[in-house]
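Protein chains in written order, with my numbering: chain C, 1 to 318; chain Z, 1 to 318; chain H, 1 to 324; chain V, 1 to 324.
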Amino acid sequence: MNDALHLYERMMLIRQCEEQLNDVFAKNLFPGYIHSYLGQEACAVGICAALNDDDYLMSNHRGRGHYLAKGMELRSMMAEMFGKETGIAGGRGGEMHAADPALGILGGNGIVGAGLPIGAGAAYTAQLNGKGQVAVVFFGEGASNNGSFGETMNLAAAWKLPLIMVCENNLYAEMTPFANTVAQPDVAMRAEGYGMPGEVVDGNDVLEVRKAAIRAVERARVGAGPTLLELKTYRWGGHFQGDPRKYRSREEEKAWMEKCPLKRYRAFMLEQDIDAGSIESIDLRLKTEVEEAIRLALAADEPRPETALDHVFAGEVA
Amino acid sequence: MNDALHLYERMMLIRQCEEQLNDVFAKNLFPGYIHSYLGQEACAVGICAALNDDDYLMSNHRGRGHYLAKGMELRSMMAEMFGKETGIAGGRGGEMHAADPALGILGGNGIVGAGLPIGAGAAYTAQLNGKGQVAVVFFGEGASNNGSFGETMNLAAAWKLPLIMVCENNLYAEMTPFANTVAQPDVAMRAEGYGMPGEVVDGNDVLEVRKAAIRAVERARVGAGPTLLELKTYRWGGHFQGDPRKYRSREEEKAWMEKCPLKRYRAFMLEQDIDAGSIESIDLRLKTEVEEAIRLALAADEPRPETALDHVFAGEVA
Amino acid sequence: MASKTYCWALIDAIHEEMSRDETVVLLGEDVAEAGGAFGASRTLLESFGPRRVRDTPISEEIIVGLGVGAAMTGKRPIVEIMFMDFLGLCLDQIFNQAAKTHYIYSGAFKMPLVIRTSTAVEMGIGPHHSQLLESWLGHVPGLKVVMPSTPRDAKGLMKAAIRDDNPVVFIEHLAMHRVKEDIEDDDFVIPIGKADVKRKGRDVTVVATGLQVARALAAADELAKDGIEIEVIDPRTISPLDIDTIVESVKKTNRALVVTSSLKPFGFGSEVSAEITERAFFHLDAPVARLTPPFAPAPFGKKFDAWLNPNAESIAASVRSLLG
Amino acid sequence: MASKTYCWALIDAIHEEMSRDETVVLLGEDVAEAGGAFGASRTLLESFGPRRVRDTPISEEIIVGLGVGAAMTGKRPIVEIMFMDFLGLCLDQIFNQAAKTHYIYSGAFKMPLVIRTSTAVEMGIGPHHSQLLESWLGHVPGLKVVMPSTPRDAKGLMKAAIRDDNPVVFIEHLAMHRVKEDIEDDDFVIPIGKADVKRKGRDVTVVATGLQVARALAAADELAKDGIEIEVIDPRTISPLDIDTIVESVKKTNRALVVTSSLKPFGFGSEVSAEITERAFFHLDAPVARLTPPFAPAPFGKKFDAWLNPNAESIAASVRSLLG
Ligand SMILES: Cc1ncc(C[n+]2csc(CCOP(=O)(O)OP(=O)(O)O)c2C)c(N)n1
Ligand SMILES: Cc1ncc(C[n+]2csc(CCOP(=O)(O)OP(=O)(O)O)c2C)c(N)n1
Ligand SMILES: [Mg+2]
Ligand SMILES: [Mg+2]
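See the structure below:
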């Protein structure tokens, strides 16, 4: 698949996952909360387009987009979301946790902000390895108010770690508008004070995101240090599915849905003379693939409860 | 005493304390570590010159200068440093902890950075009270790398708290030069990204410090929000007395001692035709007062060890 | 008298205290505009305004620190840490600052601070949202820790916590938020540090906390059918623990079981066991038993939780084996 | 064979492991240029260079987080938290991240991380620098916790900790840094999870940790003069605890005393007491006794510390009262 189509394909894969999961949730077939990635597809896909398999990625509680963009296998990821035995973490991680060491995907997190220091640790490994690897850490604008954010910016800058700090600013942290918790709404502006570059990017434009990512990754690979990218975007759904979203207007939501990253990119592709047929066939294939993944996930066994006692410790080596 | 002499008097009081305590330490008569304030006198005095008794002050592990500048009674403070029964905290706080609610002095701290959120809490009280009070929190440049710093800047700015964040940048955190742990050496530059003003000030010039403090306090009193002041200064001694200071050169120390805040201010006073005699009489008086305070502290009783069980809880009101 | 949920009982408690004392304030993530992440501070913003009921950034350390500073300067703050799984981000402010300040300065500052927090134990939300960590807090001198198991207890203890001049960590069980109970309309407090005998019995003393109280009572009904009468004690306060009430009961029953949703090693059960043993050893006919989840994190999913946690059946079985 | 201090034994251990395995790195405040705030990493920067031995900012959360991320990606980091009193600033990274990652992902990531930390308990430095908090850590599944009481144990356990694929919190007693012992020159490890019987005896089992081990041995000498022979067991590992060795001893002595420098409620003594009682109840002639400081913060000054903490005399007295 060519590059242009690949970006689209990844975004559509995420879109399909998120839409179909919402349907599953509406039918009461999903166990627990869904932190939807709907509307933010261009962020994960644009960033990961700049990464290699051996680059590291640390995610957060809203991770499906990140996982899929970095290449996680769909079915075992999906099964994990449902907490099934066939899930990539054996069904113990659930909706907020999936990982794949082979792709450098270091997992999700239930603790807001906690991924930042871990991402820095992976970047330190990359620096020690000296093979030009980088680490990316995704976090929300809400997380940027946690202490871990300042510690990470400072240390990454001081050590010139190959770390790309990606803030997905979707304007809300749970039910609280970001504007209510800050005096200055651009997270990227905090970078300079710590001695690292920060950049605001249109997070709904996958090409802009990819461009910014390539610049940041380039810097990181050559030892020039970290970058903070703030991707301005929007969480179409509530904090979790079912959240009544009283804290914002339906108009605001509609305005942002107009800026749909897929719609925008589809228009661009058509301008580039990519034929509508190949786009449609991707849509159809992914729809089916995701349906199948969800079907399999629903049908899969729950883990045996006794397995709760496995893996508390790794085997000893001493 | 006029204003000009008052600044001098406070600085000299601190200077006397620090020098005489070093002597006591050298004679092995001090119980534990001394975190010397020698060289930083203009910071505490310049800032506190802008404060009223009902303004709040939160200190850190290097607190004697702050306590004295805000007006803490010398003898009970000194006795506290020695852990004596007559100490202002009953001798249980020791060298890192003294407080006086009547003067808004909320205490020292053994945990680097932990005073910042507490200072913000006092500022929130001030804001609620609506009587134009402000809160000041002192911390080192090393503390600015702790998570609490970012959290405090952000919240103080978002809530427009009447908080003056005073970073005494004395270039070292324990044995580690600040430059080794940051990419950007001006702590004040971090303020803007959080939407609050930050200012670098010559921390060895008491008049400059006072000017900056007055500006910041003014802003705070009228509800315009917090300010970050970075006072560039130098810790003449080691991190604690006895530290061999291998991490820096004797030349660097000498160069900074040339910039002695007292020497500088004395020169200014003489230029202002303040007569040398009144300066000298201050010197003499303070020397004696501090000698006396130390003599009393040394002679005072240790607290009875059983009192270790007092004050674990306050009496119940429910 | 009105029937109230655990959640509304808490809101009522805070509402009443905020009305009677204007120094009471409520700070935390989503507590104001959203009425609480779990709806447990609804109406408070409307009643008391945005200065006293205030949304904070996601900054756990300063959330508690704000409370410490405000409490030292004359306010009676309630600060909220949404899940107690997040304690690791703010524990310094709790154990070194809130709990020690009165002590260090020999009483110069009171610390009338309530740290309101929740456990979602057994709700299937996975390893970072399913922990009950009262044992950590019980190890801290200068801190009080309460954990109510009924709406009425929740209300009375919240009011006591707000009026207390010491820092109190108030642990809510989210899984109980919708449980209902009749609660009188008058002003009342439930004293911190006082256990409640939820059922009288003679054969075995069962000390149960939080979610396990109702299960112990269910087990009691079952066991009664076989003529076994257990005494169910809910300590309600984790620290300081009302060990006297427990020991008195054990002296009568000669057997004790401790049931918790928190982990066994270095846990609540160990503390109660050690205390009972120390004080009533020669009254014991059998060693104090501890019934807890096994020593592992809680994976995602309710099936795991159901398997891991004590329930009425396993409580009844433990009682029988103690007698057996 | 060479006589080594506790401090140098630790440096040697790290030196040896850094030499044999280049994935071992050391990160923390003042660990590199200054050779450690307490001199406990001297020579390591010179030997292994600034990429592997690195000074960090005063950022406790990221210090541990760096270790977590590096351990997940193939390194074997040792990260240092200067005093364990600072745990409240980094506990999330320890208990939610380091301890649970292997578990959550069903073993996809190993976590060969050592969190090196110190207690200055009993050194008179005051309330924020005098705490022993091993009980918190022992409550965390997936975490190992060791606390050596001699230079040789320190060396062998540090080497074992570095080679372990699990997160290990390594607690050093600063007050013991200058204690000396002969240590063999060959490569050896002391297995984590194995208690050490420091003295054989028949009358009372004394379980002592850290600073209290030497005092228990001193008390043993005193008591022996009166024909009382205590068995002194140093668990060395706090979690997982080698309860078998302890219980075996109690089955012989029928009496047990636990002595620690950490606080009693929800503490180490409670855990050991509960476990002994559960497993050896019918062998016990008396309740398990716990000798600890009283439940209060530690004020500034050595006199307070001396009054608060157990010592050889109070240990001997407790043993006598257990016997009689
Ligand atoms: C330390 C911590 N505090 C609070 C929460 C509860 N919580 C979960 S998601 C969330 C909002 C996060 O907002 P943001 O970082 O903007 O990410 P988004 O959900 O918008 O993607 C909060 C407060 C948590 N999980 N961890
Ligand atoms: C959280 C925490 N980390 C580390 C320490 C140990 N420590 C005490 S003072 C200090 C240096 C602080 O440096 P700075 O903030 O610049 O203040 P200064 O001592 O220079 O006045 C350190 C690391 C501590 N007390 N608390
Ligand atoms: Mg957001
Ligand atoms: Mg400094």
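All C-beta atoms, glycine included, are put in the ideal place defined by N, C-alpha and C.
Check whether the segment 208-223 of chain V and the segment 306-321 of chain V are in contact - that is, three or more C-beta pairs closer than 8 Å. yes
When the distance is taken between beta carbons, is K198(V) closer than 7 Å to D234(V)? yes
Using a Cβ-Cβ cutoff of 7 Å, what residues of the segment 40-51 of chain V are near chain B? List them in chain order. Among the chains of the structure shown, chain B does not appear; the protein chains present are C, Z, H and V.
Chain H contact for S59(V) (CB, 7 Å cutoff): no
How would you call S261(H), buried or exposed, if buried means at least 16 neighbouring beta carbons within 10 angstroms? buried
Only counting the same chain, and skipping five residues up and downstream in sequence, which positions put a Cβ closer than 7 Å to that of A318(C)? In this prediction, A318(C) has a pLDDT of 40, which is less than 50 and means its spatial position is unreliable; nothing more can be read from the coordinates.
Where does T182(Z) land, buried or exposed, given buried means 16+ other C-beta within 10 angstroms? It should be noted that the sequence gives Val, not Thr, for residue 182(Z). That one is buried.
With distances taken between CB atoms, is the gap from K159(H) to E17(H) smaller than 7 Å? With contacts defined by Cβ atoms closer than 7 Å, K159(H) and E17(H) form a contacting pair.
Going along the chain, which residues of its own chain have a beta-carbon closer than 6 Å to the beta-carbon of I88(C), five neighbours each way excluded? Spatial neighbours of I88(C) in its own chain (CB-CB distance under 6 Å, excluding positions within 5 residues in sequence) are listed in chain order as S76, M77, E80, A98.
Considering only C-alpha positions, which residue in the set T307(C), M11(C), P305(C), V134(C) is nearest to L51(C)? V134(C)
Round the Cβ separation of A191(Z) and L228(Z) to the nearest angstrom and send it over; I've been treating them as touching at under 8 Å. 4 Å
Segment contact, 8 Å Cβ cut-off, at least three pairs: the segment 120-127 of chain V with the segment 173-181 of chain V: With contact defined as three or more Cβ pairs closer than 8 Å, the segment 120-127 of chain V and the segment 173-181 of chain V are in contact.
Which bits of chain V does G269(H) rub up against, with CB to CB less than 8 Å? Those within 8 Å of G269(H) in chain V are A274.
Interface residues of chain H around T152(C) at Cβ under 7 Å? In chain order: nothing, as chain H lies at least about 14 Å away.
Evaluate E280(Z) with the Cβ neighbour count: other Cβ atoms within 10 Å of its Cβ, from every protein chain shown; 16 or more gives buried, anything less gives exposed. exposed
State whether the segment 203-213 of chain H contacts the segment 160-167 of chain H, with contact taken as three or more CB pairs (one from each stretch) at a distance under 8 Å. no
May I ask you to report which of helix, strand or coil DSSP gives A318(Z)? Here the model assigns A318(Z) a pLDDT of 40, short of 50, so the residue's position is not dependable, and the following value carries that caveat. Here A318(Z) sits in coil by DSSP.
For the putative contact between S118(H) and M84(H), defined by C-beta atoms under 8 Å, what is the C-beta separation to the nearest angstrom? Rounded, the Cβ-Cβ distance is 6 Å, consistent with contact.
Quick one: Cα of E19(C) to Cα of G36(H), how far? 28 Å
Leaving aside the five residues before and after L13(C) along the sequence, list all residues of the same chain whose C-beta is less than 8 Å from its C-beta, in chain order. L68, L74, L286, E289, V290
Quick check on DSSP: helix, strand or coil for T307(C)? In this structure, T307(C) counts as helix in the three-state DSSP scheme.
May I ask you to list the residues that DSSP assigns as paired with F170(H)? R116(H), V146(H)
Using a Cβ cut-off of 7 Å, pull out every chain C residue sitting near F149(Z), in sequence order please. G150
Under 6 Å: does the beta carbon of A320(C) sit that close to some heavy atom of ligand 3? Only positions 1 to 318 of chain C appear in this structure, which leaves residue 320(C) out of reach.
Quick one: is the Cβ of E141(Z) within less than 6 Å of any heavy atom of ligand 1? no
Please list the partners that D186(H) has in chain Z, where partner means a Cβ-to-Cβ separation under 9 Å. Per Cβ cutoff of 9 Å: no residues; D186(H) is ~16 Å from chain Z at best.
Collapsed DSSP secondary structure at F139(Z) in the structure displayed: strand
Counting along the chain, where does the beta strand (DSSP E) carrying D285(V) start and finish? Where D285(V) is concerned, there is no enclosing beta strand (DSSP E), given that its DSSP letter is neither H nor E.
Which residues in the same chain as A293(C) place their Cβ atom closer than 6 Å to its Cβ, once the five residues preceding and following it in sequence are excluded? L74, R75, M78
Could you check if R202(V) is buried or exposed, using at least 16 other CB atoms within 10 Å of its CB as the buried criterion? exposed
Between F313(Z) and chain H, is any beta-carbon pair separated by less than 7 Å? yes
Below-7 Å beta-carbon distance, G90(C) vs any chain V residue: yes
Could you list which residues in chain H have their beta carbon closer than 8 Å to that of H139(V), in chain order? L133, S135, W136, L263, P265, F266, G267
Taking DSSP as the reference, what is the three-state secondary structure of S262(H)? coil
Please list, in chain order, the residues of the segment 238-249 of chain Z that have any C-beta partner in chain V closer than 8 Å. K246, Y247
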